[in-house]
Structure formats: structure tokens, C-alpha cells
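So the number in this note's numbering is just where the residue sits in the sequence shown, counting from 1, plus 10. The beta-carbon is built from N, C-alpha and C at its ideal position, and this holds for glycine as well. What follows is a short report on a single structure.
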Amino acid sequence: MKKVNDKTVINSASATCSAQSTNNYMQYPKYRNKQGHGWAAEDANAMADRLSGKKVEQVGRDNCLNGADRISNGIEIQTKYCSSPSKTIGAAFSDGSYRYGGMKLEVPKEQYDECVRLMADKIRSGQVPGITDPAVAKDIVIKGNCTYNQAVNIAKAGTLDSVKFDVKTQSVSCSITCGFSFVLGYANAIRSGKSHGEALKTASVQMAKSGGTSLVVGVGTQQLLRTTVGRSMASAATNSARTILDVATTTQVGKTVVEKTASALVGKEVVGQAAKNVIAKGMRTNMITGGIMLAAQTIPDAVKMCKGKMSAAEFAENTTSNAAGIGAGYAGGTFGAALGTFVCPGVGTVIGGLVGGVAGGLAGSSVVRGVFSLFK
Numbered sequence: 011m012k013k014v015n016d017k018t019v020i021n022s023a024s025a026t027c028s029a030q031s032t033n034n035y036m037q038y039p040k041y042r043n044k045q046g047h048g049w050a051a052e053d054a055n056a057m058a059d060r061l062s063g064k065k066v067e068q069v070g071r072d073n074c075l076n077g078a079d080r081i082s083n084g085i086e087i088q089t090k091y092c093s094s095p096s097k098t099i100g101a102a103f104s105d106g107s108y109r110y111g112g113m114k115l116e117v118p119k120e121q122y123d124e125c126v127r128l129m130a131d132k133i134r135s136g137q138v139p140g141i142t143d144p145a146v147a148k149d150i151v152i153k154g155n156c157t158y159n160q161a162v163n164i165a166k167a168g169t170l171d172s173v174k175f176d177v178k179t180q181s182v183s184c185s186i187t188c189g190f191s192f193v194l195g196y197a198n199a200i201r202s203g204k205s206h207g208e209a210l211k212t213a214s215v216q217m218a219k220s221g222g223t224s225l226v227v228g229v230g231t232q233q234l235l236r237t238t239v240g241r242s243m244a245s246a247a248t249n250s251a252r253t254i255l256d257v258a259t260t261t262q263v264g265k266t267v268v269e270k271t272a273s274a275l276v277g278k279e280v281v282g283q284a285a286k287n288v289i290a291k292g293m294r295t296n297m298i299t300g301g302i303m304l305a306a307q308t309i310p311d312a313v314k315m316c317k318g319k320m321s322a323a324e325f326a327e328n329t330t331s332n333a334a335g336i337g338a339g340y341a342g343g344t345f346g347a348a349l350g351t352f353v354c355p356g357v358g359t360v361i362g363g364l365v366g367g368v369a370g371g372l373a374g375s376s377v378v379r380g381v382f383s384l385f386k
């Protein structure tokens, strides 16, 4: 039974990490809009910067008028992705004047050269305040990591570009899950009396399985959230989360916990309904991720039960334990992510979510298994 418990802990923590990555690196609720490819381009280019080692803050999520979409290594960047170079450059101007003074303008990869030429023309005609040299156009316009068509595809489910992007967004959480799974598997193998070589083999197999499950669940969740069904599930999950939070905040203690956690997650003070919205957004993603993870854990057990390799009682115990582990893992992961965000936004959020998810998942799973053991 210990093996199953380890798997439960790993998967509950993995689900929490995966949900954190989705919330941090995807603006999926906006992908369905007419300009959804623009937000997809923001996310894709921000992820490309992260993977190249740059410090990225996606500040544009606050929808500040004429504000930057992200700050990459201290440089403010506004992303514009339209179907043609003239439309892309035109979108950066209002009333004959450049809207984003002091910021770089990121454009589709294939439009870069023409956009530089058009920006130079705008400078010549005096439409870029404070700039008179057309050559500066090359300093203002920067080439995006993806093309316009790739951005359009990233916003859609079932495309190669969207799957590749999802793999990238889940890479951090997946690698952390793999590392944790390997360490736990190795330690347990040594404790059970296996040699160093045998322990390494056991840990490697467990790492591969856990990493594969984490990646498939994470990518599957993000693909689902792009569909009508996924959006309906997210809407239902949001309503459920808000109901739970409304009850939780009826006491002063509950209200304080929600507000402090939400403030830590976003890096600024949020109170009242705004705080509940922050937590609700995280809860809806985790509910869907957790549901998919639970299905991934339950289906193999159901097959075993049908083949007579597992009793109905064992199936009930495993399923209940897995569900409790995932639920408690999210609670622990949320607090861990809040603390991790406070220490080091980004990676710290994911690591904090993992550690908190492990603690919560272990507690939830252990309690359920303890209850079941009373009836054996």
C-alpha cells in the first residue's frame, strides 16, 4: 500500500504544480476572444524569454491603458500581432502618435523587416514623440519569437503549435515533479533494503512514470481549457470556488487568510472581492487539473478491479485517498505557492506549490487511509 501512497502524494503535488504553471503562464480565458491570438502571442513570447534565462514579469494582465505587456530583464515590451505589418504598426498608434513611448514594440517574426520600415516612416512624419532619427526604428521594433499564424494556432486546441507551447509551459513543473519523484523513489528503495544500483533503477522508472503523467495531464488540461467544454467546466468550477470562498470569508479569520494568500500570490495587496477572485481563478484551474489527474489514477485501478486483480474495497480506498490527496494537496499548494511567490516569483511559486502540495497531499491521503484501516 506504501507504493500507492507515494504515487498519490507525487500526483497530488504534480497536479498543484501543473495548475500553478497554467495560471502563471497562460491567459487561456482570453484565447476565445476575437483578438485571442494577441494574448497567445504575449504568453508565447514571454515563455520564450523565460526559457532563455530572462526575468519576466507579465504586467499587462492588469489591462492598464497604454501599459507594457511584460517587462523582460527590465525592458518594457508591448506586443502587437495583427494580420499584416501595416495593421500591426497601426495598432501601436492613436491620433497620429505612438502610444507606447519608451517601450519596445514586439511584432510577428515574419513581419519584422516591414514593420521596421513602416516605423521609420512614422518617425519621419513626426508621429513618434521625441524621436527624429528613422534609424531608431530598429531599436523600437523587436522581433517576436513566433509568427502571426503560430500565435493564432497557439490560441486553438488540437494544433501542433498549441501542444508545443503547452509542453513548454509545463516543463518547469514537470522537471520539478521528476526530481521529487526520483528522490522519494530512491529513498524508499534504500529503506526497503535495495542496493544502490537497484534503488537508482527503481527511482528512474518512478521518475519517468511520474514525469510522463505530469506532462500529459498538464498539456491535456491546457488543451481542454481552450475548448467549449473546457470553458464550461472552468465556469462551473469558478462558481463552485466562489461559493466555497463566500462561506470561508464569513469569519474574520477566513477573510484574513484569503486576503493574505491572494496578496502574496499577486505580489500586491488585494482585499475583499478582488482577493476572492484571485483565489477562485486558481481553484478553478486546479479543480480541472485535479479531475484529470484523478481520472489518470482511477482508470488503471478500475481496469485492475474488472480483471479481478483488485478488490472493490481496495478500489474505493485508492480512489477516495487519491481524491483527498489532490484536494488537500491544492490547499497546501496554494499556501506554498503564496510563500514561494513572496520569496521568488515564478520558479519560487512552482517550488512552493510543490512543497505545499506534497504536505497537503500526504496529510489528506494519510487521513483517508487511516479511516479505511479501521474497517479492516
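Which stretch, first to last residue, makes up the beta strand (DSSP E) that contains residue i?
i: V151; result: V151 to K153
i: R80; result: R80 to S82
Under 8 Å by Cβ, that's how I've got residue i and residue j pegged, so tell me the actual separation to the nearest angstrom.
i: R71; j: R241; result: Contact doesn't hold; Cβ gap of about 19 Å is too wide.
i: P95; j: G154; result: Between G154 and P95 the Cβ distance is about 12 Å, and since that is not below 8 Å, they are no contact.
i: V229; j: Q180; result: 6 Å
i: I152; j: L115; result: 7 Å
i: T98; j: Q121; result: 6 Å
i: F103; j: K132; result: 7 Å
i: S93; j: Y158; result: 6 Å
i: S273; j: A258; result: Going by Cβ atoms, the distance from S273 to A258 rounds to 16 Å, so no, they are not a contact pair.
i: S224; j: F192; result: No, S224 and F192 are not in contact; Cβ-Cβ is about 13 Å, not under 8 Å.
Check whether the Cβ atoms of residue i and residue j lie closer than 8 Å to each other.
i: A322; j: A161; result: no
i: K148; j: V173; result: no
i: T231; j: S28; result: yes
i: T299; j: T89; result: no
i: V288; j: V280; result: yes
i: Y108; j: Q137; result: yes
i: A51; j: Y91; result: yes
i: A247; j: M297; result: yes
i: W49; j: Q30; result: no
i: A305; j: Q233; result: no
i: I85; j: D79; result: no
i: V227; j: A25; result: yes
i: K65; j: N83; result: yes
i: A244; j: L255; result: no
The alpha helix (DSSP H) that contains residue i, what's its start and end?
i: T89; result: Taken as a continuous stretch (DSSP letters only), T89 belongs to no alpha helix (DSSP H), being part of the beta strand (DSSP E) at I85 to T89.
i: K114; result: Run containing K114: none in the alpha helix (DSSP H); it sits in the beta strand (DSSP E), K114 to V117.
i: V173; result: L170 to R201
i: S220; result: H206 to L234
i: C125; result: Y122 to R134
i: P95; result: P95 to G100
i: G106; result: It is not in any alpha helix (DSSP H) - G106 carries neither H nor E in the DSSP assignment.
i: Y158; result: Y158 to I164
i: M429; result: Here the chain comprises residues numbered 11 to 386, so residue 429 is not present and cannot be evaluated.
i: L255; result: T238 to A258
task: Inspect the CB distances between the stretch 211-219 and the stretch 187-200 and report whether three or more fall short of 8 Å.
output: yes
- request: Examine the Cβ distances between the stretch 283-302 and the stretch 243-257 and report whether three or more of them are shorter than 8 Å.
  value: yes
Cβ contact check for the stretch 194-212 and the stretch 55-62: 3 or more pairs under 8 Å: no
field: Ordered list of alpha helix (DSSP H) runs contained in the stretch 269-321, each at least 4 residues
entry: 282-316
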